[in-house]
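Here the structure is laid out as structure tokens; the discussion comes afterwards.
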Amino acid sequence: MNHSKKLDVRYLTQMGVLVAIEVVMKLIGLGSVPVGPLYMSFLTVPIAVGAIILGPAAGAILGGVFGFVSFMDAVKGASIMTSNLLAVSPLHTFMLCFVMRVLMGFCVGWVYRAISGVCGRSVVNCFVASLSAPVLNTVFFMGYIVLAFYQTDYVQGLVAAKGAVNPLMFIVLLVGIQGVIEAVVCSVAGTAVSGSLIRAMGGMKTAKR
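Laid out in structure tokens, this is it:
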């Protein structure tokens, strides 16, 4: 087996493991914890790890797995918010749940590459990229809700209930402390796991995919 084939096998194996981790986290309730109309999600951890170790394309694929299970929650009525938004617009709900997560995973990979180009400390690079995963997930998800659904009756009901006077305040009040918890947990866990893997691989560079 030549070097290229060995890399492909390792890439596919690592991708398979990370996808399995995402699915298991979701199935046992560790990936998404219901908090009001939203979920407090820790599925960004394996996405960040994949984007750091395997590159932006892997981050996009893993983000797609997250997006698929999120959209299925909307279809099955398991998510209060997205199931209500699905009734308003299936297309925009698919964009919200799936496409925004693919974009998030892809961007995390490029965040890691960008910070690695200016900082030689792997722990800092891993921390910034891991932190970017929950931050970008919140920005893209809530940003798309404001863009596509803000004027709908359902979202306006949430706006009134929260007492928000503008879209930015609505995002801050709705996300609240759960966004901080997501950021802390995902950045710490993502840094620990990806940093350990990088050291185990002897500082191997991110796969250029």
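Under my numbering, residues 438 to 646 are what the sequence shown spells out, in order.
Glycine included, every Cβ here is placed at the ideal spot set by N, Cα and C.
None of the values given here were measured: they were computed from a predicted structure.
For this session: Round the Cβ separation of Phe535 and Phe505 to the nearest angstrom and send it over; I've been treating them as touching at under 8 Å.
Result: With a Cβ gap of about 6 Å, Phe535 and Phe505 count as contacting.
For this session: Classify Ser478 as helix, strand or coil using the three-state DSSP reduction.
Result: Ser478: strand per DSSP, three-state reduction.
Exercise. Going by C-alpha distance, which of Arg636, Ala485 and Ala629 is nearest Asn574?
Worked result: Nearest C-alpha to Asn574: Ala485.
Exercise. If you draw a straight line from the C-alpha of Val461 to the C-alpha of Gln451, how long is it?
Worked result: Pairing Val461 with Gln451, the inter-Cα distance amounts to about 15 Å.
Exercise. Three or more beta-carbon pairs under 8 Å between the region 509-525 and the region 552-567, yes or no?
Worked result: Output reads no: the region 552-567 does not touch the region 509-525.
Problem set entry | Residue range of the alpha helix (DSSP H) that includes Met541 | Residue range Met537 to Ser553 is occupied by the alpha helix (DSSP H) that includes Met541.
For this session: Reducing DSSP to helix, strand and coil, say where Gly514 ends up.
Result: It is coil, neither helix nor strand.
For this session: Report buried or exposed for Ala457, applying the criterion of at least 16 other Cβ atoms within 10 angstroms of its Cβ.
Result: It is exposed - the Cβ of Ala457 has fewer than 16 other Cβ atoms within 10 Å.
Problem set entry | DSSP three-state assignment for Gln615, whether helix, strand or coil | Reduced to three states, the DSSP call for Gln615 is helix.
For this session: Tell me whether Arg538 is buried or exposed, calling it buried when 16 or more other Cβ atoms sit within 10 Å of its Cβ.
Result: That one is buried.
Exercise. What are the boundary residues of the alpha helix (DSSP H) that includes Met579?
Worked result: DSSP places Met579 inside the alpha helix (DSSP H), whose first and last residues are Ser559 to Phe586.
For this session: Tell me where the alpha helix (DSSP H) around Ala597 begins and ends.
Result: Residues Asp590 to Lys599.
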